[in-house]
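A.B. asks: Each residue of the sequence shown is one higher than the one before, counting from 16 in my numbering.
Positions of the beta carbon are idealized from the N, C-alpha and C atoms, including for glycine.
After the structure tokens below, expect a handful of questions from me.
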Amino acid sequence: MEKEILLLAKQEQHPFLTGLFASFQTEHHVCLAMDLAAGGDLTKVIDHPEFNYKAAIFYSSCIVLGLEFLHEHNVIHRDLKLDNVLLDASGYIKITDFGLCKKGMGVGVLTTSPAGTPYYTAPEILKREPYGRAVDWWSVGVMLYYMVLHRFPFNGLNMEHLCEFIKHSRAIFPPKVPADFSSTTKGLLAKFPENRLGFNGAEEVKQSPLFCKINFDGLLNKKVTPPIIPAVQSSSDNDTNLMVTLYGRKAVIPDSVSEALQNFDYYVG
């Protein structure tokens, strides 16, 4: 599944999704080489001295566009979180880690398999109810809340308490936060998916108070200057002295798996 999404992102050249650079096999490993995004993930970026409210809106807007693309292709991510949003050398984001994605999730299609990271997981998943695309918009709400307020909207003494808070409590917003932020984020964190901002598609998120003035076409074409430019080496550096160390136990690959991995190798021409 992950290779399929990476390949789709590469073929469509979507600027905010990590694309596949190459895939290959060794005797004991299956390897995916992806686009370089060496600027760190958003959990690190929010500690940058230049990170501010406008930066949070910038990154959230890019995430909205990446998620819109996935949903247009009937794919839900199911593990959107700050750790899975990387910065490239230009300062734009790359959504990554498509291992929990699920295909065939068109409008109104539901699934029941558990997935996600607890702090970012929508209530309907925790309740083991059928769920659809709206779970991704919940995760966007959690990320947005964290980027602005530097804490999760729901927390608990242990995992059981956390899940209960997510299912039954409302996120608390300080009185002085901007009204457009609280309005949009509350919409994304609506407990019932049919009431959640994004349930009817990405366009209603883009038209919400926080995002309605964003130049999404400019973002998609990278015409907007990113708020933070990472201090990383250029991806064009001709450093070929790279060594990859493979970890984990070596396993004998069954014939059925070997057959499924036929034609797995892929390289960008």
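Could you have a look at Asp62 and say whether DSSP puts it in helix, strand or coil?
C.D. replies: In this structure, Asp62 counts as coil in the three-state DSSP scheme.
A.B. asks: To the nearest angstrom, how far is it from the Cα of Thr206 to the Cα of His183?
C.D. replies: Note on residue identity: the sequence assigns Lys, not Thr, to residue 206. C-alpha separation (whole angstroms): 8 Å.
A.B. asks: What span of residues does the beta strand (DSSP E) with Val100 cover, start to end?
C.D. replies: Note, Val100: beta strand (DSSP E), Val100 to Leu102.
A.B. asks: Is it true that the CB of Phe169 sits closer than 8 Å to the CB of Arg177?
C.D. replies: It should be pointed out that residue 177 corresponds to Leu in this sequence rather than to Arg. In this structure, Phe169 lies closer than 8 Å to Leu177 by Cβ.
A.B. asks: Give every residue of the same chain whose Cβ lies closer than 6 Å to the Cβ of Arg143, excluding the five residues on either side of it in the sequence, and list them in chain order.
C.D. replies: Nothing meets the Cβ criterion.
A.B. asks: Tell me which residue opens and which closes the beta strand (DSSP E) that Ile110 is part of.
C.D. replies: Taken as a continuous stretch (DSSP letters only), the beta strand (DSSP E) holding Ile110 covers Ile108 to Ile110.
A.B. asks: Is it buried or exposed for Met165, if we count other Cβ within 10 angstroms and need 16 for buried?
C.D. replies: Just to set this straight, residue 165 is His in the shown sequence, not Met. With fewer than 16 other Cβ atoms within 10 Å, it is exposed.
A.B. asks: Quick check on the burial criterion: 16 or more other C-beta atoms within 10 angstroms. Buried or exposed for Cys227?
C.D. replies: Cys227 should be labelled exposed.
A.B. asks: How about the stretch 114–130 and the stretch 88–98: do they share at least three Cβ pairs that are nearer than 8 Å?
C.D. replies: Because the criterion of three Cβ pairs below 8 Å is met, the stretch 114–130 and the stretch 88–98 touch.
A.B. asks: Quick one: residues in its chain with C-beta nearer than 8 Å to the C-beta of Val100, no 5 flanking neighbours on either side, listed in chain order?
C.D. replies: Asp56, Leu57, Tyr74, Ile78, Ile108, Lys109, Ile110, Thr111 and Met158.
A.B. asks: Touching or not, the stretch 59–76 and the stretch 126–146, by the rule of three or more beta carbon pairs under 8 Å?
C.D. replies: The stretch 59–76 is not in contact with the stretch 126–146.
A.B. asks: Which residues in the same chain have their Cβ closer than 6 Å to the Cβ of Ser154, if we skip the five residues on either side of it in sequence?
C.D. replies: Closer than 6 Å at Cβ, skipping near neighbours: Leu95 and Tyr135.
A.B. asks: Can you name, in chain order, every residue of its own chain whose Cβ lies under 8 Å from the Cβ of Ala194, other than the five neighbours on each side?
C.D. replies: Excluding sequence neighbours, Ala194 sits near Pro224.
A.B. asks: Taking the alpha helix (DSSP H) that Cys178 falls in, what are its first and last residues?
C.D. replies: From DSSP, the alpha helix (DSSP H) with Cys178 extends over Met174 to His183.
A.B. asks: What do you get for Thr255, buried or exposed, if any count of 16 or more other CB atoms within 10 angstroms of its CB means buried?
C.D. replies: With a pLDDT of only 49 at Thr255, under 50, the local geometry of the prediction cannot be trusted, and no value is derived from it.
A.B. asks: Do Ala149 and Phe214 count as a contact pair if the criterion is CB distance below 8 Å?
C.D. replies: Result yes, Cβ atoms of Phe214 and Ala149 sit closer than 8 Å.
A.B. asks: Can you tell me the Cβ-Cβ gap for Val247 and Ala70, rounded? I've got them flagged as a contact below 8 Å.
C.D. replies: That pair is no contact at about 17 Å.
A.B. asks: Quick one: give me the first and last residue of the alpha helix (DSSP H) that Tyr68 is part of.
C.D. replies: It spans Tyr68 to Glu87 - the alpha helix (DSSP H) in which Tyr68 sits, taken as one unbroken run.
A.B. asks: Helix, strand or coil, according to DSSP, for Ile91 in the structure here?
C.D. replies: In this structure, Ile91 counts as strand in the three-state DSSP scheme.
A.B. asks: So, Phe196 versus Val163, is the Cβ gap smaller than 8 Å?
C.D. replies: Against a cut-off of 8 Å, the Cβ pair of Val163 and Phe196 comes out as a contact.
A.B. asks: Where does the unbroken alpha helix (DSSP H) through Met158 begin, and where does it stop?
C.D. replies: Residues Ala149 to Leu164.
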